[in-house]
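Order-wise, the sequence lines are chains A and B.
For the record, in the first sequence the residue sitting at position 118 is 98 according to the numbering used here, with numbers rising by one throughout.
Count along the second sequence from 1, then add 31; that gives the number in the numbering used here.
Every residue, glycine too, gets a C-beta built ideally from N, C-alpha and C.
All values derive from a computational prediction rather than experimental measurement.
Before any comments, here is the structure.
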Amino acid sequence: MERFASRRRSSAIMMGLSTGVTAFGLVFLALILGTLLWKGLAGLNLAVFTQMTPPPGGKGGLLNAIAGSLAMTSLGVIVGAPLGMLAGTYLAEYGRYSKLASLVRFINDILLSAPSIVIGLFVYQIIVAPLGHFSALAGVVALAILVVPVVVRTTEDMLLLVPAPLREAAAALGLPRSHVILKVAFRAARAGIITGVLLAIARVSGETAPLLFTSLNNQFWSSNLNAPMASLPAVIFQFALSPYADWQQLAWTGALLITLTVLTLSVLARWLSASRTNK
Amino acid sequence: MADVAMGAAALVEERSPGRSKALASLKFGDLVFGRLTQAAAALVLLILSGVILSLLLGAIPAIRAFGLGFLVSEQWNPVTEKFGALAPIIGTVTTSIIAMAIAAPVGVGIAVFLTELCPQALRRPIGIAIELLAGIPSIIYGIWGLFVLAPFVQAYVEPAIIAVFGPIPVLSSVFAGPPYGIGTLTAGFVLAIMVVPFIAAVSRDVFDTVPPVLKESAYGIGCTSWEVVRRVVIPYTRVGLIGGMMLGLGRALGETMAVTFVIGNAHKITSSLLAPGTTISATIANEFTEADGQLYTSSLIALALILFVITFLVLAAARLMLARLERQKGR
Chain A
-19 MERFASRRRS SAIMMGLSTG VTAFGLVFLA LILGTLLWKG LAGLNLAVFT QMTPPPGGKG
41 GLLNAIAGSL AMTSLGVIVG APLGMLAGTY LAEYGRYSKL ASLVRFINDI LLSAPSIVIG
101 LFVYQIIVAP LGHFSALAGV VALAILVVPV VVRTTEDMLL LVPAPLREAA AALGLPRSHV
161 ILKVAFRAAR AGIITGVLLA IARVSGETAP LLFTSLNNQF WSSNLNAPMA SLPAVIFQFA
221 LSPYADWQQL AWTGALLITL TVLTLSVLAR WLSASRTNK
Chain B
32 MADVAMGAAA LVEERSPGRS KALASLKFGD LVFGRLTQAA AALVLLILSG VILSLLLGAI
92 PAIRAFGLGF LVSEQWNPVT EKFGALAPII GTVTTSIIAM AIAAPVGVGI AVFLTELCPQ
152 ALRRPIGIAI ELLAGIPSII YGIWGLFVLA PFVQAYVEPA IIAVFGPIPV LSSVFAGPPY
212 GIGTLTAGFV LAIMVVPFIA AVSRDVFDTV PPVLKESAYG IGCTSWEVVR RVVIPYTRVG
272 LIGGMMLGLG RALGETMAVT FVIGNAHKIT SSLLAPGTTI SATIANEFTE ADGQLYTSSL
332 IALALILFVI TFLVLAAARL MLARLERQKG R
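Have a look at this one:
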């Protein structure tokens, strides 16, 4: 009986601890979102979306940064996502057990969690240094490189979920292999693949480190891909570390905007994949 | 299948030349599409080798100037152009160790709570909240760490630590100096907060793979909840757990923005965790655009190379370990 009581006690202690750390974790996370809303909403007004980033002490908004982020993120995804889908298709449909496929899978998993600042330096070396100037184009390439591994992974996973009999049935009808993949397998895996692209957008829309040495920053409006371009994360980085209250306020507002974007994208992705599994 | 199609093509050719042309174009399209996907897969390899190659090329001036001494020198002086990587390397390792020491038990604890204790109704909302938070960009954690956590640590946590550990001989040097708020310890905290949801989400997923029958039979012979977790769930999911932690570690090692805000960027090695320090990624983020002179830039690229090699080794080791444990389990 003595032994049983001590076992019960140690179990109660450990389970209490795990409940405790969960509460602790949730409190911290609520704290982060709370401060973000509190400080971010204080500066949220129309000017944020209609005016350029101000000089220190001046009035202004985040228009050029928002536009820059939108432009570079969408271009990066347009370049990176199709490449990722093709590579994922190779892994799931053509290579599957080949040497090349297992090597690519291994490397892709490493790129998936490789430090993004290193990717920024890589793009600096291959684009910024030879051209002699920072450019939005380099930012786009850096983001595209970050998009690829995410999309490769989800595309492969989703194609592997498509039942083999579906492919066999299509092949038995005489469809060539590319049609089996594009018209049958892709269609069956569509929601999952879109989910992967959404997750990739969420991942790169907050990336700061790879943009610091590629697209740099720009205090003014720019639609020139061959020149430095402002982006929300880079502006947040610059403004938050500055001593000016106005700039810090804009940094909080920008942080709130990014977080809302990322959360919306992730919720959308979840909802998409949930609606797929319910069917 | 291809043989049959070809045979059929030969057969129809006699009857209708148009049809064989269509079949040939389909075959051609097949070939193009297959090669295209293969090329895209090869691109992934190309990116990796490109990253390594370009960093190596960029680091050559620094390697030539400092040799292996780069790895063990503490000096970082842009004026005299003397550079050494020891301080950032130590900073990266220390902050990651602090982060993992906090995040690993907390993350697994959350996963245990979610799979064993949590009421069914709360399970999904808490799980979703954690997954969403794992996706929040690191710059958000950085700005929060700078404006909220650092002042709090300076005002409450560090004075308390100094008061408690100050009189103890060895620990007093680990927690020496005035409470700045900004420094290695705070950076470790922010990293931990960032990595917790990540580890919790992965651990929860692996715990969910335990067959209910195993747990039920353990409960059936009278095990307590803790014994079920300790003797059944954790041994069964060891593989995935280690993988999840290694991924978390890889993330902590390479994390830039969350650390750059709160570490203080000081190139010196002190025994104190309270003093400002630096990490590899923070050094690069802070100094790269302002670096003038080939040697300065090259030294920063050499730092990036070191970081990439470290994270590559951690992530590759995780994969290989997983593969070995997987084989053991199969036996």
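Quick one: list the residues of chain B neighbouring residue i, beta-carbon separation under 9 Å, in chain order.
i	result
Phe217 of chain A	Ile170, Gly173, Ile174, Met288, Thr291, Phe292, Ala316
Pro95 of chain A	Gly281, Arg282, Leu284, Gly285, Glu286, Thr287, Ile311, Ser312, Ala335, Leu338, Phe339, Thr342
Compare the beta carbon distance of residue i and residue j with 9 Å and say whether it is the shorter of the two.
i	j	result
Tyr70 of chain A	Ala61 of chain A	no
Val293 of chain B	Val221 of chain B	yes
Leu336 of chain B	Gly115 of chain B	no
Ser312 of chain B	Pro92 of chain B	no
Ser93 of chain A	Arg154 of chain B	no
Ala72 of chain B	Ala67 of chain A	yes
Leu63 of chain A	Val131 of chain A	yes
Phe217 of chain A	Thr33 of chain A	no
Leu221 of chain A	Leu177 of chain B	yes
Ile97 of chain A	Thr287 of chain B	yes
Ser115 of chain A	Ala51 of chain A	no
Val227 of chain B	Ala132 of chain B	no
Val237 of chain B	Leu278 of chain B	no
Ala210 of chain A	Gly48 of chain A	yes
Mapping DSSP to helix, strand and coil, what is residue i?
i	result
Trp251 of chain A	helix
Phe260 of chain A	Since the displayed chain A opens at -19 and closes at 259, residue 260 of chain A lies outside it and no answer follows.
Phe114 of chain A	coil
Asn108 of chain B	strand
Asn258 of chain A	Only weak support exists for where Asn258 of chain A lies, its pLDDT of 49 falling under 50; the value from the coordinates is given anyway. Three-state result, Asn258 of chain A: helix.
Lys79 of chain A	helix
Phe378 of chain B	The first residue shown for chain B is 32 and the last is 362, placing residue 378 of chain B beyond what the model contains.
Glu136 of chain A	helix
Asp323 of chain B	coil
His298 of chain B	coil
Thr33 of chain A	coil
Ala313 of chain B	helix
Arg362 of chain B	Only weak support is given to the placement of Arg362 of chain B: the predicted model assigns it a pLDDT of 45, under 50, and the value that follows is read from those uncertain coordinates. In this structure, Arg362 of chain B counts as coil in the three-state DSSP scheme.
Ala349 of chain B	helix
Ala235 of chain A	helix
Ser93 of chain A	coil
Met32 of chain B	Low local confidence applies: a pLDDT of 48 at Met32 of chain B is under 50, so the model's placement there is unreliable, with the coordinate-based value given in what follows. Met32 of chain B: coil per DSSP, three-state reduction.
Ser330 of chain B	helix
Pro223 of chain A	coil
How far does the alpha helix (DSSP H) with residue i in it extend, from its first residue to its last?
i	result
Gly14 of chain A	-18 to 22
Ser169 of chain B	169 to 175
Lys58 of chain B	48 to 97
Asp236 of chain B	215 to 238
Lys246 of chain B	243 to 251
Asn44 of chain A	43 to 69
Ala161 of chain B	Position check: residue 161 of chain B holds Ile in this sequence, whereas Ala was assumed. Start and end: 151 to 165.
Phe196 of chain B	189 to 196
Arg262 of chain B	No alpha helix (DSSP H) contains Arg262 of chain B, which DSSP labels as neither H nor E.
Gln218 of chain A	212 to 220
Pro200 of chain B	200 to 205
Met194 of chain A	This sequence places Thr at residue 194 of chain A; Met is not what is there. That residue, Thr194 of chain A, is in no alpha helix (DSSP H); it is neither H nor E in DSSP.
Ile107 of chain A	Premise fails: Ile107 of chain A is in no alpha helix (DSSP H) and is neither H nor E.
Ala169 of chain A	Run containing Ala169 of chain A: none; DSSP gives neither H nor E here.
Ala186 of chain B	First-last for Ala186 of chain B: undefined, no H or E at that position.
Leu102 of chain B	100 to 103
Leu146 of chain A	144 to 152
Under 7 Å Cβ-Cβ, which residues of chain B neighbour residue i?
i	result
Met(-6) of chain A	Trp257
Arg147 of chain A	None at all; the shortest Cβ gap to chain B is about 11 Å.
Phe166 of chain A	None at all; the shortest Cβ gap to chain B is about 12 Å.
Going along chain B in order, which residues have a C-beta closer than 8 Å to the C-beta of residue i?
i	result
Tyr77 of chain A	By Cβ distance, chain B contributes nothing, its closest Cβ being about 14 Å from Tyr77 of chain A, past 8 Å.
Since residue i meets chain A, which of its residues come closer than 7 Å, beta carbon to beta carbon?
i	result
Ser85 of chain B	Phe102, Gln105, Ile106
Asp61 of chain B	Pro156, Arg157, Ser158
Ile94 of chain B	Near Ile94 of chain B there are no residues of chain A at all, since even the closest Cβ is about 15 Å away, more than 7 Å.
Just the chain A side, please: which residues come within less than 9 Å of residue i by C-beta, in chain order?
i	result
Gln151 of chain B	Correct list: empty, because the minimum Cβ distance to chain A is about 15 Å.
Run down chain A in chain order and give the residues with a C-beta less than 8 Å from the C-beta of residue i.
i	result
Gln69 of chain B	Tyr70, Tyr74, Gly75, Leu80
Open item on the list: If contact is defined by three or more beta carbon pairs under 8 Å, each pair taking one atom from either stretch, is the segment 179 to 197 of chain A in contact with the segment 120 to 136 of chain A?
Closed with: yes
Task: Inter-stretch contact at 8 Å, needing at least 3 Cβ pairs: the segment 106 to 122 of chain B / the segment 196 to 206 of chain B - done: no
Open item on the list: Any contact between the segment 235 to 251 of chain A and the segment 81 to 99 of chain A? By contact I mean 3 or more CB pairs, one from each, below 8 Å.
Closed with: no
TODO: Report yes or no: do three or more beta-carbon pairs, one from the segment 93 to 105 of chain A and one from the segment 30 to 37 of chain A, lie closer than 8 Å?
DONE: no
TODO: Check whether the segment 59 to 69 of chain B touches the segment 300 to 319 of chain B, taking contact to mean three or more Cβ pairs, one atom from each stretch, closer than 8 Å.
DONE: no
Open item on the list: What are the residues in the segment 127 to 159 of chain B lying within 9 Å of chain D by C-beta distance?
Closed with: Included in the structure are the protein chains A and B, with no chain D among them.
- [ ] Check whether the segment 189 to 202 of chain A touches the segment 222 to 233 of chain A, counting contact only when three or more Cβ pairs, one atom from each stretch, lie closer than 8 Å.
- [x] no
- [ ] Report yes or no: do three or more beta-carbon pairs, one from the segment 136 to 154 of chain B and one from the segment 169 to 185 of chain B, lie closer than 8 Å?
- [x] no
Open item on the list: Between the segment 242 to 253 of chain B and the segment 155 to 165 of chain B, can you find at least three pairs of beta-carbon atoms closer than 8 Å?
Closed with: no
Open item on the list: Counting beta carbon pairs with one atom in the segment 296 to 303 of chain B and one in the segment 51 to 67 of chain B, are three or more of them shorter than 8 Å?
Closed with: no
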